[in-house]
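Residue numbers (the numbering used here): 36 to 86.
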């Protein structure tokens with residue numbers, strides 16, 4: 036979400052258009068979900084190795 040916050044600031048400062056921001060949001064959400072899934076998977080593997 037940090038990336039999205041930076042893009043909001045860029046839009047507020049008129050470095051990018053609002054339409055660009057709205058176009059990028061679903062892509063950022065998708066990447067965030069993938070990263071969270073990877074994190075969960077790695078944590079589960081670590082827990083499984085400890086047992």
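C-beta atoms are modelled at their ideal positions from N, C-alpha and C, and glycine is treated no differently.
Check whether residue i and residue j have beta carbons under 8 Å apart
i          : j          : result
residue 56 : residue 42 : yes
residue 37 : residue 46 : no
Limits of the unbroken alpha helix (DSSP H) element including residue i
i          : result
residue 51 : Careful: residue 51 lies outside any alpha helix (DSSP H) and carries neither H nor E.
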